[in-house]
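There are 2 protein chains.
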Amino acid sequence: MHAILVLVTALAAARLPGQTGDLRGRYQPVADRIIAAATADSAAWSRLAELADRFGHRFSGSESLERALDWILAEMTKDGLADVRGEPVMVPRWVRGAESAELIAPARRPLPMLGLGGSIGTPAEGITAEVLVVSSFAELERRAGEARGKIVLFDVPWQGGYGPTVRYRSIGAIAAARAGAVAALLRSVTPYSVRTPHTGMTNYDSTVARIPFAAITVEDAMMLHRMQDRGERVVVRLTMGARSLPDAPSRNVVAEVRGRERPDEVVVLGGHIDSWDVGQGAMDDGGGSVAAWEAVRLLHRLGLRPRRTVRVVLWTNEENGLRGGTAYRDRHEAELGKHVLAIESDGGVFRPEGFGFTGSDSAYAVVRRVGGLLAGIGADSVSRGGGGADIGPIMQRGVPGMGLDTEGERYFWFHHTDADTVDKLDPRDMALCVATMAVMAYVVADLEEPLPR
Amino acid sequence: MHAILVLVTALAAARLPGQTGDLRGRYQPVADRIIAAATADSAAWSRLAELADRFGHRFSGSESLERALDWILAEMTKDGLADVRGEPVMVPRWVRGAESAELIAPARRPLPMLGLGGSIGTPAEGITAEVLVVSSFAELERRAGEARGKIVLFDVPWQGGYGPTVRYRSIGAIAAARAGAVAALLRSVTPYSVRTPHTGMTNYDSTVARIPFAAITVEDAMMLHRMQDRGERVVVRLTMGARSLPDAPSRNVVAEVRGRERPDEVVVLGGHIDSWDVGQGAMDDGGGSVAAWEAVRLLHRLGLRPRRTVRVVLWTNEENGLRGGTAYRDRHEAELGKHVLAIESDGGVFRPEGFGFTGSDSAYAVVRRVGGLLAGIGADSVSRGGGGADIGPIMQRGVPGMGLDTEGERYFWFHHTDADTVDKLDPRDMALCVATMAVMAYVVADLEEPLPR
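Protein chains in written order, with the working numbering: chain A, 1 to 453; chain B, 1001 to 1453.
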């Protein structure tokens, strides 16, 4: 540590105790009460397990999503929450259909796969073509002359995390089509594989033809690459029944604990209730949704009514459209000035470490002190930068936003796969997430002054 | 450590230096030469990758196994090994056929599954029945009255390793049939799952009816258990086209570096070349097979011809019959008195730690000293107890046996699944396994006196 930094840190520490002391003195007892209640049982995890087991995945436009929403609305009403409602949202409806990939040469072998969300399908007989394997967009550009009429496979190793790798899922079909490819394949975006394909959203643009795009497993991408490196001609047949149907009605689920003094000022917290059409969508983001719901239920059950309203929102259609987040913004446009804070959990309800925050310096100073109330459970880190996809649209309107940070080492092992199931989450960790979100939401909603912008 | 043990250990250490010094002086240079050559490149891993990519899995009775054997025999001949041959073995032929499992109630959902090897099939329309989930044989006994006409699911968590858990795969169908069940399901035998079913051998006995038996994933076994715990009626449809066909011809692959002084005395080393009918059988046991082959090829290439013959054997049909191991014993019965040592690698060619040894105390003292030559690569541990399934039949005839020990933490994550692929193995680790097996085989084959029995 540099000497000057030591000095600054010491000064900061010297300045904080009084303020922290005030906040701590006023709120530590209630924070501890919330934490004790949240961690007394496995209620949150059990509710998530029931949701997951009962309805399975909850893809936009599916019957299972709408049935899950009906059940949640009924349960929230039973919980005694205020103003429980489903706010209408039209969502895109992409249907996977029957799909498969098969290695045809140099050997015949099935290739486990998942079409990417939004992809077009193939003709019924599939597309059978030679494969060109590349490791990057740069390599595709260098070898663009070889791509025409082929299936381009992006065999991009997981490097530097999700961001750099998921780019290939986002725009791979565009780049491949530009080089003249007839279809594209993607090495699943994950640091670790047990021969499990990962789906996710992909995009087209208006400048080139749309071509079918699917993910295969890490193992098979590496195998096709080895075959190409040996000079073998690699041929794959890709068959996808994917198609887009007209938009379908869905809902954002909203419920509240009404503020006792300033009910029109709101702290929003939530997750997205839709999932991909695989697994149970338990980690992404059933867990975040149920944790936020449980946090609000806990405040209600403990009779904790803060000055301002605490509102849980379970956004629909985060995965393939973000229609829930944008509809919330549009419907509540007039109230956004009085949205004090928006909190999202969409990184898996693993052991909580704190939050990432986006807002003004003065607001940051306040939420850091609130975060300090969570030191006892090790969730008191509040770092700069953070939010969530669903609260993105209202953050763009100036609402301070934060995202729950968790110890998500294995998040991307299961992300967007058939293995995103409730057993990946620990009841105690999830209870701590409930406590962490409940304490932050309650205290920020109860402060005398609204969080500065 | 107990005082008496400290004393014994100290005495042993005091007695060893002279002997170790002799052996070390004579063999450390050649051991180092072998290690340097084995680790100079990724030859072993590349050969395994070629085998795995070219032929895929190699199940007993399959065309891919026999084509792989043809290729190996041709390559061994090209390698210049002596007396390359395929020794005929008749192997059982179990065919999986089309198979599926579906949850019918309380919700409809596909259940990824793999029939267990040797299982009978179901009628074409499948077996649809209520499920009774139990956690143990003891629970099944307590609840035997509830099992009649149902499908029994053994949801047995991975505890205490493979042994206690795999018992349920071995004899679960017998126990379930005894309680009157019409079929049985197994939670896959693994400490870790990404929704991946694991197959493996199962058994029937002559006292009760044979019922179909399949593995589902850890995730789904836990889900069905939760549903039962909630009081829900769980119904599954199991459809399996499994059947046993007449035995088919296969081969043990054998090749040698002939001994320069006592060619009739033999050190055998190998692995099993057959695999389950999933994945690539790269870890289990393509890796062990190719490592043993490469070890012998390395001795040949380096011009290292020990006093005795070093023989690589790639046994067939370890997985569902052990016919290769028993056929080797029967064919070589008369020579077994001159089999000095048998070494098997069947735990995955991860980073080698040494060997487990089964033989006399005097033989153990010798192989421990030979193991000391591998201290430089950390593979010098020689513990008591060890061997391998394929060398089991000749060990029962008195041949000292040893199994390669590796750092196999993740072995059972991939074991008997579609994810047993070559990428799970590291080229450097595999090269070290080649070195470890080559040094042990060479030195034991070259010692003046044969290893004592």
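Glycine included, C-beta positions come from ideal geometry on N, C-alpha and C.
Quiz item: Can you tell me the Cα-Cα spacing of B:A1049 and B:V1234, whole angstroms?
Solution: Taking the second sequence and counting its residues from 1, the one referred to as residue 1049 of chain B is at position 49. Taking the second sequence and counting its residues from 1, the one referred to as residue 1234 of chain B is at position 234. Straight-line measurement puts the Cα of B:V1234 at about 43 Å from the Cα of B:A1049.
Quiz item: B:R1047 CB to nearest chain A CB: under 8 Å?
Solution: Against the second sequence, residue 1047 of chain B aligns to sequence position 47. No, no contact with chain A.
Quiz item: Taking the DSSP output, what are the residues bridged to A:H339?
Solution: Locating residue 339 of chain A in the first sequence gives position 339, counting from the first residue. A:H339 pairs with A:V266.
Exercise. Return the residue from the list B:D1429, B:D1079, B:W1094 that minimises the CA-CA distance to B:E1319.
Key: Taking the first residue of the second sequence as 1, we reach residue 1319 of chain B at position 319. Here the closest residue by C-alpha is B:W1094.
Quiz item: When you compare only the Cα positions, how much space is there between B:R1384 and B:F1357?
Solution: The sequence position of residue 1384 of chain B within the second sequence is 384, counting from 1. The sequence position of residue 1357 of chain B within the second sequence is 357, counting from 1. Their Cα atoms are separated by approximately 5 Å.
Quiz item: In whole angstroms, what separates the C-alpha of A:P400 from that of A:L314?
Solution: Counting from one through the first sequence, the residue named residue 400 of chain A turns up at place 400. Counting from one through the first sequence, the residue named residue 314 of chain A turns up at place 314. The alpha-carbon atoms of A:P400 and A:L314 are separated by roughly 18 Å.
Exercise. Inspect the CB distances between the segment 1037-1057 of chain B and the segment 1082-1097 of chain B and report whether three or more fall short of 8 Å.
Key: no
Quiz prompt | Proximal residues to B:A1010 (C-beta, below 6 Å), its chain only, five neighbours per side dropped | solution = On the second sequence, position 10 is the one that residue 1010 of chain B refers to. Low per-residue confidence applies at B:A1010: pLDDT is 39, beneath 50, and the placement is therefore not dependable, though the value from the model is reported in the following sentence. There are no such residues.
Quiz item: Counting only runs that start and end within the segment 55-121 of chain A, where is the alpha helix (DSSP H) found for 4 or more residues in a row?
Solution: 63-79
Practice problem: Scan the segment 1177-1205 of chain B for residues whose Cβ lies nearer than 9 Å to a Cβ of chain A and list them as they occur along the chain. | Solution: Y1192, S1193, V1194, R1195, T1196
Practice problem: Pull out every residue of the segment 1085-1112 of chain B whose Cβ sits closer than 8 Å to any Cβ of chain A, in chain order. | Solution: Within the segment 1085-1112 of chain B, the residues whose Cβ lies closer than 8 Å to some Cβ of chain A are P1106, A1107, R1109, P1112, listed in chain order.
Quiz item: What's the call for B:P1110, buried or exposed, on a 16-neighbour Cβ count within 10 Å?
Solution: Locating residue 1110 of chain B in the second sequence gives position 110, counting from the first residue. With fewer than 16 other beta carbons inside 10 angstroms of its own, B:P1110 counts as exposed.
Self-check item: Integer-rounded CB distance, given that B:A1363 should sit under 8 Å from B:A1082
Solution: Taking the first residue of the second sequence as 1, we reach residue 1082 of chain B at position 82. Taking the first residue of the second sequence as 1, we reach residue 1363 of chain B at position 363. In fact, because the Cβ distance is near 26 Å, the residues do not count as touching under 8 Å.
Quiz prompt | Bridge-paired residues (DSSP) for B:W1315 | solution = In the second sequence, counting from the first residue as 1, residue 1315 of chain B sits at position 315. Per DSSP, B:H1272.
Quiz item: By the 10 Å Cβ neighbour count, where 16 or more other Cβ atoms means buried, how is A:E409 classified, buried or exposed?
Solution: Walking along the first sequence from the start, residue 409 of chain A turns up at place 409. Result: exposed.
Exercise. Count the other CB atoms, across all protein chains shown, that sit within 10 Å of the CB of A:H2; report buried if there are 16 or more and exposed otherwise.
Key: For the purposes of this step, residue 2 of chain A is taken as the residue at position 2 of the first sequence. For A:H2, the predicted model reports a pLDDT of 41, less than 50, meaning its position is unreliable; a value from the coordinates is still stated below. Exposed, since its Cβ has fewer than 16 Cβ neighbours within 10 Å.
Quiz prompt | chain B residues whose Cβ lies nearer than 9 Å to that of A:F460 | solution = Any answer about residue 460 of chain A is impossible in this case: the structure gives chain A only from 1 up to 453.
Quiz item: Checking contacts by CB at 8 Å: is B:A1044 closer than that to chain A?
Solution: Stepping through the second sequence from its first residue, residue 1044 of chain B is reached at position 44. Chain A, which has no Cβ nearer than 8 Å to the Cβ of B:A1044, makes this no.
Practice problem: For B:V1208, I'd like the list of residues in its chain whose CB is within less than 7 Å of its CB, leaving aside the five on either flank, ordered along the chain. | Solution: For the purposes of this step, residue 1208 of chain B is taken as the residue at position 208 of the second sequence. Scanning its chain for C-beta atoms nearer than 7 Å, with the 5 sequence neighbours on each side dropped, one finds around B:V1208 the residues I1174, A1177, R1178, in chain order.
Practice problem: Show which residues of chain B have a CB atom less than 9 Å away from the CB atom of A:A419. | Solution: Along the first sequence, read from residue 1 onward, the residue named residue 419 of chain A stands at position 419. Chain B residues near A:A419: S1193, V1194, R1195, T1196, T1217, E1219.
Exercise. Assign A:R428 to buried or exposed, taking buried as 16 or more other Cβ atoms, counted over all protein chains shown, within 10 Å of its Cβ.
Key: As a first step, residue 428 of chain A must be located in the first sequence, where it is residue number 428. Exposed is the call here.
Exercise. Using three-state DSSP, classify B:G1145 as helix, strand or coil.
Key: Along the second sequence, one-based indexing puts residue 1145 of chain B at 145. Reduced to three states, the DSSP call for B:G1145 is helix.
Quiz item: How about A:D32: is its C-beta nearer than 8 Å to some C-beta of chain B?
Solution: Position 32 of the first sequence, counting from 1, holds the residue named residue 32 of chain A. Answer no: the Cβ-Cβ gap between A:D32 and chain B never drops below 8 Å.
Quiz item: How long is the line joining the alpha carbons of A:P263 and A:R453, rounded to whole angstroms?
Solution: Within the first sequence, numbered from 1, the residue matching residue 263 of chain A stands at position 263. Within the first sequence, numbered from 1, the residue matching residue 453 of chain A stands at position 453. Separation of A:P263 and A:R453 (C-alpha to C-alpha, rounded to the nearest whole angstrom) is 19 Å.
Quiz item: By DSSP, does A:A215 sit in helix, in strand, or in coil?
Solution: As a position in the first sequence, residue 215 of chain A is number 215, starting the count at 1. The answer is strand: DSSP assigns A:A215 an E or B state.
Quiz item: Smallest Cα separation from B:V1253: which of B:R1210, B:P1123, B:M1430, B:T1077?
Solution: Position 253 of the second sequence, counted from the first residue, corresponds to residue 1253 of chain B. Here the closest residue by C-alpha is B:T1077.
Quiz item: Taking the alpha helix (DSSP H) that A:M437 falls in, what are its first and last residues?
Solution: Sequence index remark: in the first sequence, residue 437 of chain A carries index 437 (1-based). 427-446 is the span of the alpha helix (DSSP H), which, as asked, contains A:M437.
Quiz prompt | Of the residues A:E130, A:N203, A:D155, the one placed nearest A:E146, counting alpha carbons only | solution = For this step, residue 146 of chain A is matched to residue 146 along the first sequence. Taking only the C-alpha atoms, the option nearest A:E146 is A:E130.
Quiz item: Are the C-beta atoms of A:G388 and some chain C residue less than 8 Å apart?
Solution: Included in the structure are the protein chains A and B, with no chain C among them.
Practice problem: Return the CA-CA distance between B:R1342 and B:R1368, expressed in angstroms with no decimal places. | Solution: Indexing the second sequence from 1 puts residue 1342 of chain B at position 342. Indexing the second sequence from 1 puts residue 1368 of chain B at position 368. Arg is not the amino acid found at residue 1342 of chain B; the sequence shown has Ala there. One C-alpha to the other measures close to 15 Å.
Exercise. Sort A:S381, A:M440, A:E449, A:V434 by Cα distance to A:A40 and report the nearest one.
Key: As a first step, residue 40 of chain A must be located in the first sequence, where it is residue number 40. Comparing Cα positions, the closest option is A:V434.
Quiz item: On the three-pair Cβ rule with 8 Å, is the segment 114-126 of chain A touching the segment 236-244 of chain A?
Solution: yes
Quiz prompt | Neighbour flag for A:D155 against chain B, beta carbons, 8 Å | solution = Stepping through the first sequence from its first residue, residue 155 of chain A is reached at position 155. Cβ-Cβ to chain B under 8 Å: no for A:D155.
Quiz item: Checking contacts by CB at 8 Å: is A:P452 closer than that to chain B?
Solution: For the purposes of this step, residue 452 of chain A is taken as residue 452 along the first sequence, with counting starting at 1. Answer no: the Cβ-Cβ gap between A:P452 and chain B never drops below 8 Å.
Practice problem: Tell me, please, which residues DSSP counts as bridged to A:S250. | Solution: As a working mapping, residue 250 of chain A is identified with position 250 in the first sequence. According to DSSP, which records beta bridges pairwise, A:S250 is partnered with A:V89.
Quiz item: From B:P1197, B:D1022, B:Y1027, B:G1288, pick the residue whose C-alpha is nearest to that of B:R1169; which is it?
Solution: The sequence position of residue 1169 of chain B within the second sequence is 169, counting from 1. It is B:P1197.
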